[in-house]
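Visitor:
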Amino acid sequence: MKVLKLASCLFFVLLLSYGEARAPQLTAHDARIKVEEILKAHATHHKLKPELIRRALGNYIEELDPGKTYFIKDDIKIWLEPSEELIVKTIKDFKNEAFTTFEEIHEVMICAIARRNALEGKIDSNNLPKNVQPAEFKEIDWVLSEDELFNRLIRIRSLQIETAEKLEQETKQQFLQRLGKRRYAREEELITHSPTERRQVVLSYALKSISSALDSQTAYFTPSEASQFMIQVQQRLYGIGAQLRDDLNGITVLRLLDDGPASLGKKLKVGDRIIAVNGETIVGMDLIDAVELIRGPQGTRVELTVIRAKSPDSQNSEEKITIEIVRGEVVLKETRYETSYEPFGDGAIGYLHLFSFYQDSKSSSASDLQHAIEQLKREHSLKGIVLDLRNNGGGLLPQAVAVTGLFIKKGVVVSVKDNTKEIQRLRNIESHAVWEGPLIILANRASASAAEIVAQTLQDYGRALVIGDAETYGKGTFQTFTLEASNFGKVNPKGEYKVTRGRYYTVSGKSPQLVGVKPDIVVPGILSQMEIGERFAKFPLPNDEIPASFEDDLSDIPPIHRAQINRLYKFDLQTVLTTYKPYLETLQKNSAKRIDFNQNYQNFLRELEKKEFMSQSIEIFGQGDLQLNETTNIMKDLILLTSEESRMSNPPSPRPSDAKAAA
Numbered sequence: 245m246k247v248l249k250l251a252s253c254l255f256f257v258l259l260l261s262y263g264e265a266r267a268p269q270l271t272a273h274d275a276r277i278k279v280e281e282i283l284k285a286h287a288t289h290h291k292l293k294p295e296l297i298r299r300a301l302g303n304y305i306e307e308l309d310p311g312k313t314y315f316i317k318d319d320i321k322i323w324l325e326p327s328e329e330l331i332v333k334t335i336k337d338f339k340n341e342a343f344t345t346f347e348e349i350h351e352v353m354i355c356a357i358a359r360r361n362a363l364e365g366k367i368d369s370n371n372l373p374k375n376v377q378p379a380e381f382k383e384i385d386w387v388l389s390e391d392e393l394f395n396r397l398i399r400i401r402s403l404q405i406e407t408a409e410k411l412e413q414e415t416k417q418q419f420l421q422r423l424g425k426r427r428y429a430r431e432e433e434l435i436t437h438s439p440t441e442r443r444q445v446v447l448s449y450a451l452k453s454i455s456s457a458l459d460s461q462t463a464y465f466t467p468s469e470a471s472q473f474m475i476q477v478q479q480r481l482y483g484i485g486a487q488l489r490d491d492l493n494g495i496t497v498l499r500l501l502d503d504g505p506a507s508l509g510k511k512l513k514v515g516d517r518i519i520a521v522n523g524e525t526i527v528g529m530d531l532i533d534a535v536e537l538i539r540g541p542q543g544t545r546v547e548l549t550v551i552r553a554k555s556p557d558s559q560n561s562e563e564k565i566t567i568e569i570v571r572g573e574v575v576l577k578e579t580r581y582e583t584s585y586e587p588f589g590d591g592a593i594g595y596l597h598l599f600s601f602y603q604d605s606k607s608s609s610a611s612d613l614q615h616a617i618e619q620l621k622r623e624h625s626l627k628g629i630v631l632d633l634r635n636n637g638g639g640l641l642p643q644a645v646a647v648t649g650l651f652i653k654k655g656v657v658v659s660v661k662d663n664t665k666e667i668q669r670l671r672n673i674e675s676h677a678v679w680e681g682p683l684i685i686l687a688n689r690a691s692a693s694a695a696e697i698v699a700q701t702l703q704d705y706g707r708a709l710v711i712g713d714a715e716t717y718g719k720g721t722f723q724t725f726t727l728e729a730s731n732f733g734k735v736n737p738k739g740e741y742k743v744t745r746g747r748y749y750t751v752s753g754k755s756p757q758l759v760g761v762k763p764d765i766v767v768p769g770i771l772s773q774m775e776i777g778e779r780f781a782k783f784p785l786p787n788d789e790i791p792a793s794f795e796d797d798l799s800d801i802p803p804i805h806r807a808q809i810n811r812l813y814k815f816d817l818q819t820v821l822t823t824y825k826p827y828l829e830t831l832q833k834n835s836a837k838r839i840d841f842n843q844n845y846q847n848f849l850r851e852l853e854k855k856e857f858m859s860q861s862i863e864i865f866g867q868g869d870l871q872l873n874e875t876t877n878i879m880k881d882l883i884l885l886t887s888e889e890s891r892m893s894n895p896p897s898p899r900p901s902d903a904k905a906a907a
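Listed below in structure tokens is the structure:
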């Protein structure tokens, strides 16, 4: 049984405490150049127009105060509703490499920090409101007075303490202290007394605000954020391979990752408390900064000073030791993909869960999945495959093409249209699929981008059934990132950015932008009622379509190469299949009936339908994953239906003895 109430509250109160993003080494000239580079590359916006400035000023205020717990509306009204004169001045300043308007907002933020800290000091923790719900803070506006601000802070404190009460006593104290520590660290970053650092903070926040004004996916990253972004995409890093936790008196080792430098070196142990890195104390340091000290280039050495508990019969309870570890590549295998199977009949149903679309010099999402499929085929009589793309936020576009190519013959997978309006097609050029049998794609509202390309293209070709939430995330734009995936250890100290270059379209000519991928059979999961998706983001690009490319005319190939490529490519092409179409209605009815008669599923769905379900105890009744279990049941039906059709179409030949008897 899994209860989400505590998890959702923890997420919310941690969100209110923010995170620290160290300022990059920026000058006003650098900031202007970066904005101009982004505008030049962007799909639709190429000039800093008044509407973008209006958006950017609002973004800047929300970057400073995303929880709306510092500013009072009168503090910021002139920037929330900027006059034409202010907008013209801001654009003129930008051209002259001045960011005066942003600096003025920043000064108001410093005063707001002082006011909030004074109000925090007046809160009586013994006299707080009860039963405060996270839903209260979902769509809040700016407060109109200091009294309203004080009331909001009181209610947030109540929510934090109520959440902490559900933790063990020691963990509870650490949780509350950690919230305070993160807030103070961020405030210190904003109010730094160094003029240079203050200017760098303003410029980095201004870059974030202007970039995100263009559309919901264009973004500027500080160096540490850029590194973390690439780790999330590639699921690898260079460091020691340890999962760490900030325990205020040091950084505690929670787990050593398999095959990581720390695990292989056998010196660092779970439970060790790191207090210094290369002689620099990290006690009191933000976890992000401490982790940056521990990470470093492959092959370099890092010295850790740790406190370790001694054996029970020792005179002293703890000892301080120094450990040296050689940094290396750490592949986060458990967050790349996983594979398993379920016995069925005289064979098995394969289960592949892909968390990201990644590629490095040693492996990729496509090669890892291919290896997993081939292993399943060797070890079992494979009847069908469920490819789980839930919560897969995307990754590298070429890997979306390669993963799709595991299940189809040659053909167009995706087309991209950039700011020049030219269409380029990305094709699978392999003649033979690795798996040609029954295939289901399981997706949810958090399946995005590359995951949507795979799901929709395989659906377009009739090669797979898509099962899951009523729609996927709806991100049909593609971005380029200034930090190369193959060289993400060398981050620009001035920061990096990703910029939306255009939209992508699957072979049907449809784009999932805003609308997502629609499943063949709706099987709702934990995210099915949440407002997750591109259509809920600020400033998304609109949806559009292009002509389908099932009939590939190679029109995007230069004429000089077209004839040669035509000879090599235009055979063994994937056609649109109707294999599953005769069974779809039966599969839909069977699934709906099972869900209707599954009391655990019905209890689960009733909890999800409550408007305030984020603050309710949402229990997943029964064992395992209800959405995946039903998807597996659909696969079993599909296997039985297709195998029955195969037997009817191809009756077994009579055995020799039967032939004699009949003669």
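Here the sequence shown is numbered in my numbering, starting from 245 and rising by one per residue.
Positions of the beta carbon are idealized from the N, C-alpha and C atoms, including for glycine.
Keep in mind that this is a model prediction, so the values were computed, not measured.
If you reduce the DSSP assignment to three classes, tell me which class K782 lands in.
Guide: Taking the first residue of the sequence shown as 1, we reach residue 782 at position 538. It is coil, neither helix nor strand.
Visitor: With contact counted as at least three CB pairs below 8 Å, one residue from each stretch, are the segment 663–676 and the segment 793–812 in contact?
Guide: Touching, yes.
Visitor: Alpha carbon to alpha carbon, what distance is there between D385 and A699?
Guide: Residue mapping note: residue 699 aligns to position 455 of the sequence shown, counting from 1. Residue mapping note: residue 385 aligns to position 141 of the sequence shown, counting from 1. Answer to the nearest angstrom: the Cα atoms are 38 Å apart.
Visitor: What does a CB cutoff of less than 8 Å around H273 pick up in its chain, not counting 5 residues either side in sequence?
Guide: Position 29 of the sequence shown, counted from the first residue, corresponds to residue 273. Hits under 8 Å: E341.
Visitor: Mind reading off the beta-carbon distance from I593 to G628? Whole number of angstroms is fine, and I expect it under 8 Å.
Guide: Along the sequence shown, read from residue 1 onward, the residue named residue 593 stands at position 349. Along the sequence shown, read from residue 1 onward, the residue named residue 628 stands at position 384. Right, the Cβ-Cβ distance comes to about 5 Å (below 8 Å), so this counts as a contact.
Visitor: Ordered along the chain, which non-local residues of its own chain (more than five positions away) have a Cβ less than 8 Å from that of E888?
Guide: Working through the sequence shown from its first residue, we reach residue 888 at position 644. So the list is empty, once near-sequence residues are dropped.
Visitor: On the criterion of 16 or more Cβ atoms from any shown chain inside 10 Å, does Q808 qualify as buried, or is it exposed?
Guide: As a working mapping, residue 808 is identified with position 564 in the sequence shown. It counts as exposed.
Visitor: Return helix, strand or coil for V658, following the three-state DSSP convention.
Guide: The sequence position of residue 658 within the sequence shown is 414, counting from 1. In the structure shown, V658 adopts extended strand secondary structure according to DSSP, grouped into three states.
Visitor: Going residue by residue through the segment 665–725, where are the continuous beta strand (DSSP E) segments of at least 3 residues, counting only ones entirely within it?
Guide: 667–672, 683–687, 709–712 and 721–725
Visitor: Give the C-beta separation of Y602 and V658 to the nearest angstrom, bearing in mind that I take them to be a contact with Cβ-Cβ under 8 Å.
Guide: Along the sequence shown, one-based indexing puts residue 602 at 358. Along the sequence shown, one-based indexing puts residue 658 at 414. 18 Å between Cβ atoms; not a contact.
Visitor: I believe L576 touches L633 by the beta-carbon criterion, under 8 Å. Please report the beta-carbon distance rounded to the nearest angstrom.
Guide: Residue mapping note: residue 576 aligns to position 332 of the sequence shown, counting from 1. Residue mapping note: residue 633 aligns to position 389 of the sequence shown, counting from 1. 18 Å between Cβ atoms; not a contact.
Visitor: Tell me the residue span of the alpha helix (DSSP H) that contains E281.
Guide: Numbered from its first residue, the sequence shown carries residue 281 at position 37. It spans A272 to A285 - the alpha helix (DSSP H) in which E281 sits, taken as one unbroken run.
Visitor: Suppose the cutoff is 7 Å on Cβ atoms and the five residues either side in sequence are ignored; what does the same chain contact list for T701 look like?
Guide: The residue given as residue 701 occupies position 457 in the sequence shown. T648, V657, V658, T750 and V751.
Visitor: Whole-angstrom Cβ separation of G591 and A553, contact assumed at under 8 Å?
Guide: Stepping through the sequence shown from its first residue, residue 591 is reached at position 347. Stepping through the sequence shown from its first residue, residue 553 is reached at position 309. Contact flag wrong, Cβ pair sits at about 50 Å.
Visitor: What's the gap between the Cα of A379 and the Cα of E307?
Guide: Taking the first residue of the sequence shown as position 1, residue 379 is located at position 135. Taking the first residue of the sequence shown as position 1, residue 307 is located at position 63. Each residue's alpha carbon lies about 21 Å from the other.
Visitor: With a threshold of 8 Å, are at least 3 pairs of Cβ atoms found where one atom belongs to the segment 478–488 and the other to the segment 560–575?
Guide: yes
Visitor: Check whether the segment 360–378 and the segment 328–348 are in contact - that is, three or more C-beta pairs closer than 8 Å.
Guide: no
Visitor: Output the distance between the C-alpha atoms of P212 and E392, rounded to the nearest integer angstrom.
Guide: Since the first and last residues shown for the chain are 245 and 907, residue 212 lies out of range.
Visitor: Would you call the segment 307–325 in contact with the segment 344–363, where contact means no fewer than 3 C-beta pairs closer than 8 Å?
Guide: yes
Visitor: Which one or two residues does DSSP pair with Q744 in a beta bridge?
Guide: The sequence position of residue 744 within the sequence shown is 500, counting from 1. Sequence check: residue 744 is Thr here, not Gln. Looking at the DSSP assignment, T744 forms a beta bridge with Q723.
Visitor: Using only CA atoms, which one of E409, D491 and R480 lies nearest to Q421?
Guide: Within the sequence shown, the letter at position 177 stands for residue 421. It is D491.
Visitor: Does the distance from the C-beta atom of R401 to that of L372 stay below 8 Å?
Guide: Working through the sequence shown from its first residue, we reach residue 401 at position 157. Working through the sequence shown from its first residue, we reach residue 372 at position 128. Yes. Within cutoff.
Visitor: Is the segment 473–481 in contact with the segment 295–310, if contact means three or more CB pairs nearer than 8 Å?
Guide: no
Visitor: In or out: N510 buried (at least 16 other Cβ within 10 Å) or exposed?
Guide: Within the sequence shown, residue 510 is the residue found at index 266, counting from 1. In the sequence under discussion, the amino acid at residue 510 is Lys, which differs from the Asn named in the question. Label assigned to K510: exposed.
Visitor: Buried or exposed, going by whether 16 or more other CB atoms sit within 10 Å of the CB of E696?
Guide: In the sequence shown, counting from the first residue as 1, residue 696 sits at position 452. Its Cβ being crowded by 16 or more others within 10 Å, E696 is buried.
Visitor: What is the rounded straight-line gap between the Cα of F343 and the Cα of E536?
Guide: Numbered from 1 along the sequence shown, position 99 holds the residue referred to as residue 343. Numbered from 1 along the sequence shown, position 292 holds the residue referred to as residue 536. In a straight line, the C-alpha of F343 is about 30 Å away from that of E536.
Visitor: Who are the Cβ neighbours of L512 in its own chain at under 8 Å, not counting the five residues just before and after it?
Guide: Residue 512 sits at position 268 when you count from the first residue of the sequence shown. If we look at L512 and ignore the five residues flanking it on each side, its Cβ neighbours are I484, A486, V497, L500, A506, L548, V550, I567 and I569.
Visitor: On a CA-only basis, which of E280, M529 and E433 is nearest Y449? Give me that one, please.
Guide: Locating residue 449 in the sequence shown gives position 205, counting from the first residue. It is E433 whose Cα lies nearest to the Cα of Y449.
Visitor: Assuming K564 is part of the alpha helix (DSSP H), what are its boundary residues?
Guide: As a working mapping, residue 564 is identified with position 320 in the sequence shown. Where K564 is concerned, there is no enclosing alpha helix (DSSP H), although the beta strand (DSSP E) it sits in stretches over E562 to V570.
Visitor: How far does the alpha helix (DSSP H) with S402 in it reach, from first residue to last?
Guide: Within the sequence shown, the letter at position 158 stands for residue 402. Run containing S402: E390 to A408, per the alpha helix (DSSP H) assignment.
Visitor: Quick check on the burial criterion: 16 or more other C-beta atoms within 10 angstroms. Buried or exposed for V820?
Guide: Position 576 of the sequence shown, counting from 1, holds the residue named residue 820. So V820 ends up on the exposed side.
Visitor: Does the separation of the CB atoms of K665 and Q818 fall below 8 Å?
Guide: The sequence position of residue 665 within the sequence shown is 421, counting from 1. The sequence position of residue 818 within the sequence shown is 574, counting from 1. It is not a contact, given that the beta carbons lie outside the stated cut-off.
Visitor: State the start and end residues of the unbroken beta strand (DSSP E) segment that holds F465.
Guide: Stepping through the sequence shown from its first residue, residue 465 is reached at position 221. Looking at the DSSP string, the run of the beta strand (DSSP E) that includes F465 is A463 to F465.
Visitor: Between the segment 706–717 and the segment 764–771, can you find at least three pairs of beta-carbon atoms closer than 8 Å?
Guide: yes
Visitor: Could you check if D459 is buried or exposed, using at least 16 other CB atoms within 10 Å of its CB as the buried criterion?
Guide: On the sequence shown, position 215 is the one that residue 459 refers to. It counts as buried.
Visitor: Buried or exposed for V735, going by 16 or more other Cβ atoms inside 10 Å?
Guide: The residue given as residue 735 occupies position 491 in the sequence shown. Classification for V735: buried.
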